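Notes to accompany the following structure.
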Amino acid sequence: LALIGPHRSVSTLSLREVAREAGIAPNSFYRQFRDMDELTVALIDLAGRSLRTIIGEARQRAASSERSVIRLSVETFFEQLRADHKLLHVLLREGSAGSDAFKQAVDRELGYFEDELRVDLIRLAAADGGAVLHEPALASKAITRLVFAMGATAVDQPQEKDAELIEQLSQMLRMIITGARTIAGNPPTR
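Count along the sequence shown from 1, add 1, and you get the number used in our numbering.
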């Protein structure tokens with residue numbers, strides 16, 4: 002992960018570069034992975050699991066506080082975007098620049114996010130006076146894809162723009178949720 006950056010994805014790394022960074026002989030690499038593609042898919046899976054755990058914890062913290070679940074989740078996403086370990090960068094870059102196998106792995110991870118978010122959206126709506134959402138699976142897909150698209154844009158921008166992007170993204174997500182509630186016949190959210 003130390004080798005990737007704003008203009009460098011995992012798919013552009015050579016086996017020798019990775020082995021040198023890890024401090025192992027290139028032949029030792031093959032004891033763990035068949036090839037660089039297998040390493041990249043493993044990193045995508047790790048990135049997805051890690052981010053889902055962190056975002057899930059943020060949603061739980063927000064549910065037990067006065068803070069907006071949307072705002073806290075978006076802030077947490079951006080914190081991970083700027084973190085040194087660059088796991089989120091793997092998801093953002095390989096989904097658009099990598100091979101078909103990488104794109105499928107990223108799409109699978111996004112599907113996991115969508116499933117978890119769908120459950121949370123249904124639960125949060127029901128807790129808000131028994132409200133329902135129109136097509137919660139579609140709303141969660143719209144939210145997930147928007148967040149990751151904005152993240153892909155933000156990763157190349159200076160960190161000073163994060164506050165503005167967080168505000169914009171939070172408003173966009175509220176619009177999606179308000180729209181899903183309204184179409185289902187509920188009053189808009191606060």
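Every residue gets a Cβ at the ideal spot worked out from N, C-alpha and C, and that includes glycine. Predicted, not measured: the structure shown is a model, and the values here were computed from it.
Candidates His8, Thr179, Leu2 and Asp163: which alpha carbon is nearest alanine 98's? Checking every option, the nearest Cα to that of alanine 98 belongs to His8.
Pick helix, strand or coil for arginine 68, following the three-state DSSP scheme. Correct three-state label for arginine 68: coil.
On the DSSP letters alone, give me the boundaries of the alpha helix (DSSP H) that lysine 104 sits inside. Its alpha helix (DSSP H) spans residues 101 to 128.
Same chain only: Cβ atoms within 6 Å of phenylalanine 79, ignoring 5 sequence neighbours per side: If we look at phenylalanine 79 and ignore the five residues flanking it on each side, its Cβ neighbours are Asp163 and Ile167.
Counting beta carbon pairs with one atom in the region 41 to 57 and one in the region 105 to 112, are three or more of them shorter than 8 Å? Enough Cβ pairs lie closer than 8 Å, so yes.
Is arginine 9 helix, strand or coil by DSSP? The three-state secondary structure of arginine 9, taken from DSSP, is strand.
Let me make sure I understand the geometry here. Which of Pro159, Val42, Met176 and Gln158 has the alpha-carbon closest to that of alanine 140? Of the listed residues, the one whose Cα sits closest to alanine 140 is Met176.
With a CB to CB cut of under 6 Å and the five nearest residues on each side skipped, what residues in its chain are close to arginine 94? When the five nearest sequence neighbours on each side are left out, the beta carbons in the same chain lying within less than 6 Å of the beta carbon of arginine 94 are those of Ser10, in order along the chain.
Does DSSP put proline 137 in a helix, a strand or coil? Residue state for proline 137 is assigned as helix, using DSSP reduced to three classes.
By the 10 Å Cβ neighbour count, where 16 or more other Cβ atoms means buried, how is serine 74 classified, buried or exposed? Burial is judged here by how many other beta carbons sit within 10 angstroms of a residue's own beta carbon; serine 74 has at least 16 and is buried.
Whole alpha helix (DSSP H) runs in the region 154 to 191 with 4 or more residues, listed along the chain? Entirely contained in the region 154 to 191, the alpha helix (DSSP H) runs reaching 4 residues are, in chain order, 163 to 184.
Taking the C-alpha atoms as reference points, what is the distance between glycine 96 and alanine 132? C-alpha of glycine 96 to C-alpha of alanine 132: approximately 34 Å in a straight line.
Coarse secondary structure for leucine 52, derived from DSSP in three states: The DSSP-derived three-state label of leucine 52 is helix.
Using CA atoms only, rank isn't needed, just tell me which of Phe114, Val70 and Leu2 is closest to alanine 23. When only C-alpha atoms are compared, the closest one is Leu2.
Considering only C-alpha positions, which residue in the set Ile56, Arg119 and Arg182 is nearest to glycine 130? Closest option to glycine 130, Cα to Cα, is Arg182.
Cα-Cα separation between proline 159 and asparagine 187, rounded to whole angstroms: Approximately 39 Å between the Cα atoms of the pair.
Leucine 4 to isoleucine 123, Cα distance in whole Å? Inter-residue distance for leucine 4 and isoleucine 123 is about 40 Å (C-alpha atoms, whole angstroms).
Which whole-angstrom value describes the C-beta separation of phenylalanine 103 and threonine 54, a residue pair presumed to lie in contact below a C-beta threshold of 8 Å? Contact annotation, phenylalanine 103 with threonine 54: C-beta distance approximately 22 Å; criterion of less than 8 Å not satisfied.
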